[in-house]
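Residue numbers (our numbering): 5 to 91.
The beta-carbon is built from N, C-alpha and C at its ideal position, and this holds for glycine as well.
These numbers were taken from a predicted model, which means no experiment stands behind them.
Worksheet: one structure, shown below.
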């Protein structure tokens, strides 16, 4: 099971040797479910606030949980600041 990149700024990619992932769940740090979907090889995180999230992948009777950091808003905010001149 592989989720990449760990520091996400647009799209989270999911790779698995198991083709039978039943469900992908995304939780915030408070345990609130913010996304539930059938297996997908990518998840767009741009609609979620920046911060730490947990991705739970259900495969049959097993569940694998991985931590990711969504940097979408932070990443795009810093890119805008790079273009500002402080003369």
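Residue i vs residue j beta-carbon contact at 8 Å
i: residue 75; j: residue 54; result: yes
i: residue 42; j: residue 24; result: no
i: residue 58; j: residue 71; result: yes
i: residue 10; j: residue 69; result: no
Residue(s) in a DSSP beta bridge with residue i
i: residue 34; result: Its beta-bridge partners do not exist; DSSP assigns none.
i: residue 27; result: 62
i: residue 12; result: 74
Assigned exposure category for residue i - 16 Cβ within 10 Å defines buried
i: residue 16; result: buried
i: residue 85; result: Per-residue confidence for residue 85 stands at a pLDDT of 49, beneath the threshold of 50, marking its modelled position as unreliable; no derived number is given.
i: residue 34; result: exposed
Proximity to residue i [Cα-Cα], best of the options
i: residue 12; options: 66, 47, 39; result: 47
i: residue 45; options: 36, 62, 20, 69; result: 20
i: residue 7; options: 37, 36, 32, 60; result: 60
i: residue 56; options: 67, 36, 62; result: 36
Mind listing, in chain order, the continuous beta strand (DSSP E) runs of no fewer than 3 residues lying wholly within the segment 40–77?
46–48, 55–63, 66–74
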